[in-house]
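The structure appears right after this line, and notes come after that.
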RNA sequence: CCGCCCGUAGCUCAGCUGGAUAGAGCAUCGGAUUUCUAAUCCGACGGUCGCAGGUUCAAGUCCUGCCGGGCGGACCA
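In the numbering used here, the protein residues as written are 18 to 584.
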């Protein structure tokens with residue numbers, strides 16, 4: 018595909034005298050106008066002529082330079098149309114040659130990208146909110162890996178902070194009442210909720226105990242508090258792992274904030290050594306108002322000497338730099354923490370670290386319930402496990418109804434149900450807030466994951482039947498794919514889409530693109546039969562089916578959805 | 001009060017980082033199955049692109065100001 022735009026670019030450059038990299042090749046709004054377009058407005062000044070006249074003259078000259086590409090002036094535009102057989106042969110040839118790696122490239126070779134994702138909090142349920150970080154982060158990581166980068170996915174577990182003092186206090190008092198073993202997360206959540214209700218009801222001793230517990234924890238003492246904290250961590254991680262297995266997500270590193278405990282002192286010393294720290298109201302801070310007016314200072318140490326979230330993230334980012342010398346360090350964290358990451362980068366900038374701007378906050382919108390914001394303190398959360406279960410059960414019902422003979426219906430139902438949930442989180446621009454609506458999450462029609470999976474299954478089915486019937490061996494009649502030109506052009510854009518999704522860290526670009534491809538395919542094969550045609554025709558159509566199926570399979574994999582062969 | 005983000009069809013969203021008559025899905029209504037899975041396809045309905053200015057040959061897209069919603073704003077994470 019790129020060979021077409023390259024040819025157009027260099028021909029235009031030769032005729033206009035402009036640099037080929039400066040020429041913007043667009044896609045016409047109306048596909049019937051052509052495959053590519055070049056607006057001539059920009060040339061009007063230098064050539065001192067009206068754009069339509071330039072277009073007409075250029076189109077004539079270009080015709081001779083371009084082999085297999087027709088150039089036609091339409092008003093101020095030059096529209097280009099690739100000869101249909103050439104288009105089909107080229108695109109399908111590219112896909113076939115690259116196989117499962119179509120669209121991949123090696124532009125990131127030798128560079129490492131660190132991605133901080135998921136990062137659930139110990140003793141709290143994995144909510145549909147954490148799903149966003151996990152699913153978006155994992156998709157970004159796979160997409161970047163397809164561009165040749167070495168990726169390091171880090172699950173930065175929230176296992177530190179005052180809330181553990183609270184939990185230990187709650188367990189000490191009421192732990193005997195609850196069943197921590199069989200359903201630890203829910204038991205811990207109710208303990209956490211009880212702590213807050215009773216503390217608000219006037220039991221001041223609770224907060225004191227929590228404070229003492231956390232101080233003991235931070236002191237490093239191997240006492241009862243640390244033992245309980247350790248047990249909480251183990252129970253929670255085991256629960257989280259169940260979800261990660263269902264989502265098919267793996268991490269290069271799973272590290273708690275506690276890991277950075279030994280680095281906190283050196284981290285603060287290192288920042289102090291650059292002379293940017295100061296004491297303010299009893300706390301140790303870095304002033305950031307010189308970078309951006311109104312930016313609040315970053316607190317490194319509280320009045321009582323203990324560290325904060327920001328200190329631990331600074332320790333972590335130094336550690337990551339030393340370990341990986343990353344080209345980018347991405348934090349897939351909700352948009353409510355924007356200020357935190359601006360401050361993190363701000364401190365690095367003030368320290369004079371030349372890699373400070375490699376730190377990027379990949380923010381995503383908040384997940385909200387129709388009844389309001391989610392709150393684990395109030396117990397108002399939707400458990401991810403429940404969402405996945407319900408989606409799987411709905412999928413199973415539909416299979417039972419539409420495809421009762423499907424083998425491994427339970428396994429496929431899991432793939433489709435999880436696929437629906439995952440895709441629902443990836444399909445819109447990540448910065449947009451989402452309201453959690455059950456009917457949308459477990460929907461399998463229209464712009465959904467199952468729609469893409471279904472398209473894939475249909476195409477697979479055609480391939481299977483072709484193999485059974487022994488069809489498709491003839492020399493393909495590429496010109497016969499003229500009626501699938503839009504599918505081919507979309508397929509041809511896949512490498513660009515992947516590249517863009519990677520640099521923007523925006524999986525929705527890929528999700529939107531694959532939906533469009535599926536729509537065009539469904540539209541096409543609703544009206545065109547593949548099997549049982551003239552051998553050259555069937556062969557050509559089968560080639561299109563294969564290239565499409567393979568590319569959808571690849572896209573689903575990058576997004577983190579399974580691609581069942583039947584459903 | 002200050003800062004950042006969002007505002008496109010009844011609802012959920014695309015709109016290729018300024019270009020040709022603004023596109024999908026859901027919902028509603030009407031249609032398509034002797035033949036590769038109807039989780040599909042086709043058609044109809046539906047828009048002063050929040051409002052007002054400005055820059056430009058050209059603005060949904062860039063700038064300014066308002067309005068509405070979200071999120072932040074030193075010892076939580």
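For every residue, glycine included, the Cβ atom is placed at its ideal position computed from N, Cα and C.
query, result
"Beta-carbon proximity check, residue 65 vs residue 32, cutoff 8 Å", "no"
"Beta-carbon proximity check, residue 430 vs residue 409, cutoff 8 Å", "yes"
"Other residues of its chain near residue 516: CB distance less than 8 Å, five sequence neighbours each side excluded", "122, 124, 164"
"Per-residue burial, residue 148 [other beta carbons within 10 Å of its own, 16 or more giving buried]", "buried"
"Between the CA atoms of residue 341 and residue 128 - distance to the nearest angstrom", "9 Å"
"Residues sharing a beta bridge with residue 91, DSSP", "94"
"Extent of the continuous beta strand (DSSP E) to which residue 547 belongs", "Neither: residue 547 is in no beta strand (DSSP E) and is coded neither H nor E."
"Residue 330 burial status per 10 Å Cβ neighbour count (16 or more: buried)", "buried"
"Residue 56, DSSP secondary structure in three states", "strand"
"Supposed close pair residue 130, residue 445 - CB separation, criterion 8 Å", "Their Cβ separation, rounded to whole angstroms, is 23 Å, which puts residue 130 and residue 445 out of contact at 8 Å."
"Closest residue to residue 380 among 99, 27, 135, 393 (Cα-Cα distance)", "135"
"Residue range of the alpha helix (DSSP H) that includes residue 213", "201-217"
"Closest residue to residue 318 among 308, 496, 335, 298 (Cα-Cα distance)", "298"
"Cα-Cα separation between residue 267 and residue 167, rounded to whole angstroms", "15 Å"
"DSSP-derived helix/strand/coil call for residue 270", "strand"
"Which of helix, strand or coil DSSP assigns to residue 138", "strand"
"Sequence-distant residues of its chain with Cβ nearer than 7 Å to residue 286 (five each side left out)", "none"
"Between the CA atoms of residue 224 and residue 453 - distance to the nearest angstrom", "33 Å"
"Nearest to residue 56 (by Cα), restricted to the options 562, 21, 93, 29", "93"
"Span of the beta strand (DSSP E), counted from its first residue to its last, around residue 46", "Careful: residue 46 lies outside any beta strand (DSSP E) and carries neither H nor E."
"Per-residue burial, residue 416 [other beta carbons within 10 Å of its own, 16 or more giving buried]", "buried"
"Beta-carbon proximity of residue 112 to residue 393, cut-off 8 Å", "no"
"Opposing strand residues paired with residue 473 [DSSP bridges]", "Paired residues: none, contrary to the question."
"Three-state secondary structure (DSSP) of residue 176", "coil"
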